[in-house]
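Chains as they are written, first to last, in this note's numbering: chain A, 3 to 634; chain B, 7 to 86. All C-beta atoms in this analysis are idealised placements derived from N, C-alpha and C, irrespective of residue type, glycine included. Everything numeric in this text was worked out from a predicted model, so none of it was measured.
Printed below as a string of structure tokens:
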């Protein structure tokens, strides 16, 4: 399990060295680095114990998360795997475990320890036993259907309760099927056979989750893939009512942390591929177009094709592809243009870097070209030396430990779950095309005499409105995934965005930028709320913009629009914080450039500088962006 | 692998599990002799031993091991 992570050279020694490191944050950094290795059940417990000793609930560079598990089986063995997997993603996860089987009471009783804990993520980890107990083997399909609708209906009430009480993200675990066959193959044809019931229960659960905006932790699929033996141990069930086998707990934790991280925009964004012996077999510089192994005719060639096919699928869901290869660029590109078995074409690759330089430098270059963080990259290379080099010099890059056999590359990459999502938006579907259009924009920029010329030539228009329900998913994604143009890096759950959009006191704005090369999609969002101390002012609580549209004057037009909206509310001033992080340096001068005046010459302890804009004095800034009214 | 080797491994496993390098197990050691070795960490210990020695204890045996020596003996028998 978790074979995409590299083995720790000497875990015991490294852990003890970390523990004797003075200073909690330095110790935490060492533990976080250890957490990036392949850890078994026992190592996970040790690392967690070391982490617990630090007693940290906050640390610089880490996001804090409060997670409660509501369960109908024993889950006391799960928190170590969850916390260690959080550490792997720079999340400090505080876990509350309710007493098993008490989740209804804990939810309904507002004086319970659960309510005192105030979770921001609530995980429902339930067994199928309760639903199964209601259904006798002779029940008809209709009776089974009714029972399932009722079970899931009760669950939905609990979801709603948790949401209302905590404004939390709800995660529902799918039901694993640990039932023994009663008939055999015929089980699937018997409506009330446990196997059949659990399958239908999961189907109904997924529909309900979709309708209610609940996230899933799909251990049903994982246990089918890994084999039930890897996830369930009958002995542990009888011993202590553990439905998740202890050996599976590190992977369980990792899967859960992926979902939590995805919701905070911490999933990877870009797959960087090596070429020789990764995308195809052999070395193009030595073997030539005819000599490399790819496609039909050889098993290895088909396996390389399978990797390409998988990469192509990833582009279709919005993952950016890049190439990083030690090669002559012309020869490397010729394979994409000329080899008949290439499934990936040159336009699929948003950043193509082939040269003889150090790959660590090239990865930084790729991130810069794409305007994303180096920590958004996954680097796939068959060469263990290159992998070790990147892990050493760029520890924030995910580098899967590829298996020896190319046949297993796809399985390894998929199992690592780097690209976990919590939504699949129109922007995701179009992203590959958006990057291709960016190349055309780049060409226009090069042929333009001046920046003004370029901006005029783009023929831009902005469509804007307050947050609209159909765009909520994209707004949440944009706010949570954007790190550079993000004024406060405050993150919001979809529940919070919905409630802000519904609040009559708040002003929300979303911006969609269209130009002659196409629709850039919903690329900016702003949240303004009345300031408690200055009733005549609206405060920009957060403002984000996709890095893809930097330098197009959208920030100026967006501020023109925001000022108009604020004036309509009768506001006299706009207030704003800029909270500096390691990633939003690019907008350090944003507010002064928009005409805001600084209020606090010395930044606050959280790095915040405070700004104010007098609306009476503000004059609309001329831009090259036309207004095309409400978005959509 | 001798019983003493197994016992030494057990000491290492329990030290790792409880992150306490002062633990020394003997054949006569009982669970209640070691602070923190509660029923939860007993299951963890069993899981770790099963993983390390690639053995599987019977649920009935897990309930009835009288001391560390009994677990060592059963591990030796299964690992043969």
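Exercise. Among the residues of its own chain, which have a CB less than 6 Å from the CB of residue 549 of chain A, if the five just before and after it don't count?
Worked result: 373, 486
Problem set entry | Within chain B, partners of residue 42 of chain A - CB distance below 8 Å | 57
For this session: Could I get the ranges of all uninterrupted beta strand (DSSP E) runs contained in the stretch 423-476 of chain A, with 3 residues as the minimum, in chain order?
Result: 462-467
Exercise. Counting Cβ pairs closer than 8 Å, one from the stretch 309-325 of chain A and one from the stretch 265-285 of chain A, do we hit at least three?
Worked result: yes
Problem set entry | Short CB-CB distance (under 7 Å) between residue 82 of chain A and chain B | no
Exercise. When you compare each of B:7, B:44, B:83 to residue 242 of chain A by their alpha carbons, which one comes out closest?
Worked result: B:44
Exercise. Just checking, does the stretch 357-375 of chain A make contact with the stretch 258-268 of chain A on the three C-beta pairs under 8 Å criterion?
Worked result: no
Problem set entry | residue 495 of chain A vs residue 171 of chain A beta-carbon contact at 7 Å | yes
Exercise. Any C-beta of chain A sitting closer than 7 Å to the C-beta of residue 22 of chain B?
Worked result: yes
Exercise. Given that a residue counts as buried once 16 or more other Cβ atoms are within 10 Å of its Cβ, and exposed if not, what is residue 12 of chain B?
Worked result: buried
Exercise. Going by alpha carbons, who is nearest to residue 358 of chain A out of A:47, A:379, A:330?
Worked result: A:330
For this session: If I'm right that residue 517 of chain A touches residue 460 of chain A with Cβ under 8 Å, what's the distance once you round it to whole angstroms?
Result: 4 Å
Problem set entry | chain A contacts made by the stretch 45-79 of chain B, where a contact means CB separation under 7 Å | 46, 49, 50, 53, 54, 57, 65, 68
For this session: Could you name the residues of chain A that residue 19 of chain B contacts, counting a contact when the two beta carbons are closer than 9 Å?
Result: 44
Problem set entry | Buried versus exposed call for residue 252 of chain A [16 or more other C-beta atoms within 10 Å across all chains shown] | buried
Exercise. The alpha helix (DSSP H) with residue 510 of chain A in it runs from where to where?
Worked result: Per DSSP, residue 510 of chain A belongs to no alpha helix (DSSP H); it is in the beta strand (DSSP E), 509-517.
Exercise. Going along the chain, which residues of the stretch 61-86 of chain A sit with their C-beta nearer than 8 Å to a C-beta in chain B?
Worked result: 78, 79
Problem set entry | Among B:69, B:78, B:82, B:84, nearest to residue 240 of chain A - alpha-carbon criterion | B:69
Exercise. Counting pairs of Cβ atoms below 8 Å between the stretch 385-405 of chain A and the stretch 287-302 of chain A, do you hit three or more?
Worked result: no
For this session: Measure from the alpha carbon of residue 508 of chain A to the alpha carbon of each residue in A:587, A:570, A:454, A:515, then state which is nearest.
Result: A:570
Problem set entry | Within chain B, the residues that residue 47 of chain A reaches when beta carbons sit closer than 7 Å | 23, 50
For this session: Would you check if the stretch 411-421 of chain A and the stretch 342-361 of chain A touch, i.e. whether three or more CB-CB distances between them fall below 8 Å?
Result: no
For this session: Can you tell me which of the three DSSP states residue 113 of chain A falls into?
Result: coil
Exercise. How would you label residue 473 of chain A, buried or exposed, when you count the other beta carbons within 10 angstroms and need 16 or more for buried?
Worked result: buried
Problem set entry | Cβ pair residue 526 of chain A, residue 560 of chain A closer than 7 Å | yes
Problem set entry | Three or more C-beta pairs below 8 Å linking the stretch 426-444 of chain A and the stretch 596-613 of chain A | no
Exercise. Of all the options A:38, A:604, A:27, which has the alpha carbon lying nearest to the alpha carbon of residue 10 of chain A?
Worked result: A:38
Exercise. Leaving out the 5 sequence neighbours to the left and right, which residues in its chain are closer than 7 Å to residue 200 of chain A when beta-carbon positions are compared?
Worked result: 130, 177, 179, 181
Problem set entry | Distance, residue 83 of chain A Cα to residue 34 of chain A Cα | 13 Å
For this session: Take the Cβ of residue 254 of chain A as the centre, count every other Cβ of all protein chains shown within 10 Å, and call the residue buried at 16 or more, exposed below.
Result: buried
For this session: Pull up the distance between the alpha-carbon of residue 225 of chain A and that of residue 233 of chain A, whole angstroms please.
Result: 6 Å
For this session: Give me the Cα-Cα distance between residue 489 of chain A and residue 213 of chain A, rounded to the nearest whole angstrom.
Result: 32 Å
Exercise. Roughly how many angstroms lie between the CA atoms of residue 587 of chain A and residue 376 of chain A, to the nearest whole one?
Worked result: 15 Å
For this session: Mind the definition here: the stretch 114-129 of chain A touches the stretch 163-170 of chain A only if three or more C-beta pairs lie below 8 Å; say whether that holds.
Result: yes
Exercise. Using 8 Å as the Cβ pair cut-off and three pairs as the minimum, do the stretch 18-27 of chain B and the stretch 46-53 of chain B touch?
Worked result: yes
For this session: Please name the residues in the stretch 232-256 of chain A whose beta-carbon is closer than 9 Å to at least one beta-carbon of chain B, in chain order.
Result: 235, 236, 237, 238, 240, 241, 242, 244, 247, 248, 249
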